[in-house]
Amino acid sequence: MAVPKGKTSKARRNKRRANWKLAVPGMTRCKKCGAWIRPHYVCSDCGYYNGKQVVTVAKAEEE
2 MAVPKGKTSK ARRNKRRANW KLAVPGMTRC KKCGAWIRPH YVCSDCGYYN GKQVVTVAKA
62 EEE
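Numbering of the sequence shown is given in my numbering, commencing with residue 2 and proceeding in unit increments.
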């Protein structure tokens, strides 16, 4: 069975754990309305994907 050669210091352990941070997902602009969307997702504002309307979006009436 494998046995560690010596005690791992707190600094070495914490350096290894430092790479577990969250990354911000890439965001792009919708070609139709200009809203920020995730790549390869249907725009939630206008319902377009790849230049074609895929979903009809019911917009709330603005006053």
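All C-beta atoms, glycine included, are put in the ideal place defined by N, C-alpha and C. These numbers were taken from a predicted model, which means no experiment stands behind them.
Element boundaries [alpha helix (DSSP H), containing residue i]
i     : result
Lys16 : 11-18
Backbone CA spacing between residue i and residue j [nearest angstrom]
i     : j     : result
Ser10 : Lys22 : 21 Å
Asn15 : Lys8  : 14 Å
Lys53 : Arg18 : 44 Å
Assigned secondary structure, residue i (DSSP; H/G/I helix, E/B strand, else coil)
i     : result
Trp21 : coil
Asn29 : A quick correction: the sequence has Thr, not Asn, at residue 29. Of the three classes helix, strand and coil, the one that applies to Thr29 here is strand, per DSSP.
Lys53 : strand
Reference residue i; option with closest CA among the options
i     : options                    : result
Thr29 : Asn20, Cys44, Thr57        : Cys44
Lys60 : Gly52, Gly48, Gln54, Lys53 : Gly48
Asp46 : Gly52, Trp37, Lys53        : Trp37
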